[in-house]
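Peer 1: In terms of the UniProt record's numbering, the sequence shown opens at residue 1 and continues consecutively. Quick reminder that beta carbons are idealized off the backbone N, C-alpha and C, glycines included. Can you read through this structure? Questions will come right after.
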Amino acid sequence: MKLALRELKFYKFKYVLVTLILFLLAFLVLFISALAQGLAKENASGVEAWNQEYFVISEGVDDSLTQSNIEEQLDRIEGITDEGHNIEFSANSLTTPESTIDAVFTNTDENIVPQADEGRLPENSDEILLNYKLTDEGYSIGDTVELEDTDVTFEITGFTDDIMYAHTSMAYVTDGGMERLDSTSIAAVALPENMSFISDDINDIQDVKMVSEDDIKQAIPSYQAEQQPLNLMIVFLFIISAIVLSAFFYVITIQKSSQIGILKAIGTKNSELVKAILIQVMLITLTGVVLSVVIMFALNNVIPVSMPFYLNTGLMVIVSGLFLVVAFLGAILSLVRIIKIDPLDAIGGE
């Protein structure tokens with residue numbers, strides 16, 4: 001431990017530099033991860049909010065809820081199970097004197113409606129629950145919104161966080177509220193996780209099929225298109241981190257070959273030298289990662305709610321752990337080099 005700390009102090013500029021590089025890499029990975037999580041929520045948080053495992057939807061619509069309509073098959077579905085929850089969909093535009101936004105209207109089934117984070121759920125046909133992101137657009141509780149090109153109005157009773165479908169805010173209204181809309185359809189019947197045994201019976205019904213929540217999310221066009229490149233960037237950043245650490249410690253080890261040779265000549269064991277390197281790697285990596293996590297939490301408090309940015313604490317812990325693993329893997333070359341150093345060769349002996 002003393003040897004590791006003495007080296008950190010003696011070569012402080014070099015170690016501060018690599019710590020800064022690691023901090024930037026860790027920050028970039030965490031930022032892109034938060035961005036990927038935010039984009040995923042903008043695509044599928046409305047589906048996740050239902051907290052249902054299976055959905056009965058139309059066949060031949062590429063698992064898209066906006067294209068699904070199972071009204072004609074509803075009686076046959078209800079004949080198989082009465083545990084389903086009907087999900088109605090209607091795409092509309094909401095207007096206020098200040099702005100216009102697109103919204104996907106859906107009904108407030110008591111079993112799958114999200115909780116209101118601010119205000120309350122709609123109780124009457126002229127009330128509406130909106131996505132919290134819309135507060136950044138100037139919407140507030142008590143405001144009246146109007147359907148574009150109609151006289152249909154709703155009063156905002158509350159907001160809930162993370163209810164979006166394919167980057168479009170979802171709007172919750174009562175069944176009576178859905179009746180006031182044009183082009184409303186029963187897009188799906190949501191089923192809990194213990195209903196997988198009826199899949200064959202459901203699939204026997206013409207023009208409908210039973211799919212999982214993950215199928216619904218994967219079918220959203222922008223979901224896969226956004227997640228794959230961002231996840232690929234994260235993988236490459238981990239690879240870059242391993243290369244940077246490997247190169248840094250290997251060069252440092254070469255520069256210290258004579259000192260290492262002297263230490264070996266006076267009886268320092270390989271295990272002690274290896275331990276010193278591993279301690280240095282751990283301290284440098286932890287410092288860089290902790291700094292990046294602190295900056296991320298600070299940034300989360302100032303980023304506007306309209307930006308697709310979401311900090312997943314569990315994912316941050318995993319990413320931080322992966323950085324430690326990558327750092328130790330990057331130090332392997334240095335450890336091999338240290339073990340192979342011959343004291344006589346290192347100090348110029350015959």
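Is the beta carbon of phenylalanine 55 within less than 7 Å of some heavy atom of the ligand GDP?
Peer 2: The model on display carries no ligand, and the ligand GDP is accordingly not part of it.
Peer 1: Would you identify the three-state DSSP class for asparagine 69, choosing helix, strand or coil?
Peer 2: Numbered from 1 along the sequence shown, position 69 holds the residue referred to as residue 69. Of the three classes helix, strand and coil, the one that applies to asparagine 69 here is coil, per DSSP.
Peer 1: Take the Cβ of glutamate 71 as the centre, count every other Cβ of all protein chains shown within 10 Å, and call the residue buried at 16 or more, exposed below.
Peer 2: On the sequence shown, residue 71 is found 71 positions in, with the first residue counted as 1. Exposed.
Peer 1: Could you tell me the alpha carbon to alpha carbon distance between leucine 335 and glutamine 227, rounded to whole angstroms?
Peer 2: To locate residue 335, count along the sequence shown from 1; it is residue 335. To locate residue 227, count along the sequence shown from 1; it is residue 227. The straight-line gap from Cα to Cα measures roughly 37 Å.
Peer 1: Between valine 18 and threonine 153, what straight-line distance do the alpha-carbon atoms span, to the nearest angstrom?
Peer 2: Taking the sequence shown and counting its residues from 1, one reaches residue 18 at position 18. Taking the sequence shown and counting its residues from 1, one reaches residue 153 at position 153. Distance between the alpha carbons of valine 18 and threonine 153: 59 Å.
Peer 1: Go ahead and pull the three-state DSSP assignment for residue 418.
Peer 2: Because residue 418 is not part of the residues shown, which for the chain are 1 to 350, the question remains open.
Peer 1: Within the segment 90-125, note down every full beta strand (DSSP E) run reaching 3 residues or more, in order along the chain.
Peer 2: Entirely contained in the segment 90-125, the beta strand (DSSP E) runs reaching 3 residues are, in chain order, 100-107.
Peer 1: Under 8 Å, do isoleucine 338 and leucine 273 count as touching if we go by C-beta distance?
Peer 2: As a first step, residue 338 must be located in the sequence shown, where it is residue number 338. As a first step, residue 273 must be located in the sequence shown, where it is residue number 273. Yes, the pair counts as a contact, with Cβ atoms nearer than the cut-off.
Peer 1: Specify whether the segment 45-63 and the segment 209-221 touch according to this definition: at least 3 beta carbon pairs, one from each stretch, less than 8 Å apart.
Peer 2: These segments touch.
Peer 1: Between which residues of its own chain and tryptophan 50 is the CB-CB distance below 6 Å, once the five residues before and five after are set aside?
Peer 2: Within the sequence shown, residue 50 is the residue found at index 50, counting from 1. Taken in chain order, the residues that qualify are Ile112, Ala190.
Peer 1: Compute the Euclidean distance between the alpha carbons of phenylalanine 89 and isoleucine 332, then round it to the nearest angstrom.
Peer 2: As a first step, residue 89 must be located in the sequence shown, where it is residue number 89. As a first step, residue 332 must be located in the sequence shown, where it is residue number 332. Each residue's Cα considered, the two are about 56 Å apart.
Peer 1: Taking the alpha-carbon positions, what's the leucine 237 to phenylalanine 323 distance?
Peer 2: As a first step, residue 237 is located in the sequence shown; it is residue number 237 there, counting from the start. As a first step, residue 323 is located in the sequence shown; it is residue number 323 there, counting from the start. Whole-angstrom Cα-Cα distance: 10 Å.
Peer 1: Between which two residues does the beta strand (DSSP E) harbouring residue 354 extend?
Peer 2: What the structure shows of the chain is the stretch from 1 to 350, and residue 354 is not part of that stretch, so it cannot be assessed.
Peer 1: Grouping DSSP H, G and I as helix and E and B as strand, with all else coil, what is alanine 188?
Peer 2: The residue you call residue 188 lines up with position 188 of the sequence shown. Note: alanine 188 maps to strand in three-state DSSP.
Peer 1: Work out the CA separation of glycine 267 and leucine 230 for me, nearest whole Å.
Peer 2: The residue you call residue 230 lines up with position 230 of the sequence shown. The residue you call residue 267 lines up with position 267 of the sequence shown. Roughly 50 Å between the two C-alpha positions.
Peer 1: Just reading off the alpha helix (DSSP H) that lysine 12 is part of, what are its end residues?
Peer 2: Here residue 12 is taken as the residue at index 12 of the sequence shown, counted from 1. It spans 12-50 - the alpha helix (DSSP H) in which lysine 12 sits, taken as one unbroken run.
Peer 1: Tell me, which residues are paired with phenylalanine 159 by DSSP?
Peer 2: Indexing the sequence shown from 1 puts residue 159 at position 159. Answer is Glu118, Leu130, bridged to phenylalanine 159.
Peer 1: Taking three-plus beta-carbon pairs below 8 Å as touching, is the segment 302-310 in contact with the segment 33-44?
Peer 2: Result yes; three or more Cβ-Cβ pairs closer than 8 Å.
Peer 1: Could you tell me which of Asp161, Val325, Met195 sits nearest to glutamate 42, measuring between CA atoms?
Peer 2: Within the sequence shown, numbered from 1, the residue matching residue 42 stands at position 42. Nearest C-alpha to glutamate 42: Asp161.
Peer 1: Pick from Thr285, Phe55, Asn194: whose alpha carbon is nearest that of lysine 209?
Peer 2: Within the sequence shown, numbered from 1, the residue matching residue 209 stands at position 209. Nearest of Thr285, Phe55, Asn194 to lysine 209, Cα basis: Phe55.
Peer 1: Between which two residues does the beta strand (DSSP E) carrying leucine 147 extend?
Peer 2: Along the sequence shown, one-based indexing puts residue 147 at 147. 144-147 is the span of the beta strand (DSSP E), which, as asked, contains leucine 147.
Peer 1: Using DSSP with H/G/I as helix, E/B as strand and the rest coil, what is residue 361?
Peer 2: Any question about residue 361 goes unanswered here, given that the chain covers just 1 to 350.
Peer 1: Would you mind reading off the limits of the beta strand (DSSP E) that contains serine 169?
Peer 2: Within the sequence shown, numbered from 1, the residue matching residue 169 stands at position 169. 168-173 is the span of the beta strand (DSSP E), which, as asked, contains serine 169.
Peer 1: Please work out which residues of its chain come closer than 6 Å, Cβ to Cβ, to residue 352, disregarding the five sequence neighbours upstream and downstream, and give them in chain order.
Peer 2: A question about residue 352 goes unanswered here, because the residues of the chain that appear run from 1 up to 350.
Peer 1: Taking the straight line between their C-alpha atoms, what separation do you get for valine 145 and phenylalanine 159?
Peer 2: Position 145 of the sequence shown, counted from the start, is the residue given in the question as residue 145. Position 159 of the sequence shown, counted from the start, is the residue given in the question as residue 159. Near 14 Å, if we compare the C-alpha coordinates of phenylalanine 159 and valine 145.
Peer 1: Indicate whether valine 29 and valine 251 have their beta-carbon atoms separated by less than 8 Å.
Peer 2: Translated into the one-based positions of the sequence shown, residue 29 becomes position 29. Translated into the one-based positions of the sequence shown, residue 251 becomes position 251. Cβ atoms of valine 29 and valine 251: not closer than 8 Å.
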